[in-house]
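The block underneath contains the structure these notes are about, expressed in structure tokens.
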Amino acid sequence: GDSVTQMEGPVTLSEEAFLTINCTYTATGYPSLFWYVQYPGEGLQLLLKATKADDKGSNKGFEATYRKETTSFHLEKGSVQVSDSAVYFCALLAYNNNDMRFGAGTRLTVKP
Amino acid sequence: EPEVTQTPSHQVTQMGQEVILRCVPISNHLYFYWYRQILGQKVEFLVSFYNNEISEKSEIFDDQFSVERPDGSNFTLKIRSTKLEDSAMYFCASSEWSRERTNTEAFFGQGTRLTVV
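Top line first, the protein sequences correspond to chains A and B. Counting from 1341, one number per residue, gives the positions in the first sequence under the working numbering. Counting from 4, one number per residue, gives the positions in the second sequence under the working numbering.
Shown next as structure tokens:
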């Protein structure tokens, strides 16, 4: 079935470091891909999305490019801040249903 | 900005009791979902609901679970006889329907933390 695999954490970085969180997917057809963020004690918030191959989603300095050839949607940020500390979830929405599948989540801690 | 609202934010219940978790989806959305997140673990799909019936459900969503849209605004998840392992954060979500699939990301509520003792 459709699934998402993301790198396991936790990830600990210093402020202003470069961030990459890997995400790969398995799906039939052409899914839409998402990154959600969960700040401590809060629900899931959409961070960015891409709906077709080669699309780049971006928001708050974060970027991810939908790579069909490598079935990947890696999340990147050039310079992280302490306020970026959260759990990041990669997610997939298959073309032929409305069951959004999530990766296991990657906890990011940014230290000053 | 429209948002998904869930009540209560935290519920404690005794094992074997029934609980109902409530959600008010965004008003023009047509798809509704329940997910759960056991503490520190991944977000797991439970069920999706469209046109007043279950669209898809996971293996977690067994006979002790049921969903209902009792009126035009609420969407509820009922757990009939709670078990200790049902303790988790339960998230409701809703999404639009789009033939072009350009606006169908799910919008999540803040969650209800269920603690079964």
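For every residue, glycine included, the Cβ atom is placed at its ideal position computed from N, Cα and C.
B:Phe94 has a beta carbon lying within less than 8 angstroms of a beta carbon in chain A. Looking at A:Leu1432, A:Tyr1406, A:Asp1424, A:Leu1387, the one whose alpha-carbon comes closest to that of A:Glu1355 is A:Asp1424. The CB of B:Ala109 comes closer than 7 angstroms to the CB of Met1440 in chain A, given here in chain order. Closest option to B:Glu47, judged by alpha-carbon separation, among A:Tyr1379, A:Phe1442, A:Tyr1370, A:Leu1373: A:Phe1442. Straight through space, the alpha carbons of A:Tyr1428 and A:Gly1349 are spaced by roughly 10 angstroms. Listed as beta-bridge partners of B:Tyr93 by DSSP are B:Arg39, B:Thr115.
Between B:Val15 and B:Pro28, the CB-CB gap reaches or exceeds 8 angstroms. Of the residues assessed, B:Thr85 falls on the buried side of the cut-off, its CB having 16 or more other CB atoms within 10 angstroms.
One thing to note: A:Leu1353 has its Cβ no nearer than 8 angstroms to the Cβ of A:Val1422. Just so you know, the alpha carbons of B:Asp65 and B:Ile57 end up roughly 13 angstroms apart. Taking 8 angstroms as the threshold, the shortest C-beta distance from A:Ala1426 to chain B does not fall below it.
Taking the CA atoms as reference points, B:Gly75 sits about 48 angstroms from A:Ala1357. Assignment of beta-bridge partners to A:Val1427 by DSSP yields A:Gln1378, A:Arg1447. As a beta-bridge residue in DSSP terms, A:Ser1412 pairs with A:Thr1364, A:Arg1407. In terms of Cα proximity to A:Ser1419, the closest of A:Gln1378, A:Tyr1435, A:Pro1452, A:Pro1380 is A:Pro1452. Exposure of A:Asp1394 is indicated by the presence of fewer than 16 other C-beta atoms within 10 angstroms of its C-beta.
In the three-state reduction of the DSSP assignment, B:Val7 falls in the coil class.
Residue B:Tyr53 holds the alpha-carbon nearest to the alpha-carbon of A:Asp1439 among B:Gln17, B:Thr10, B:Tyr53, B:Glu21.
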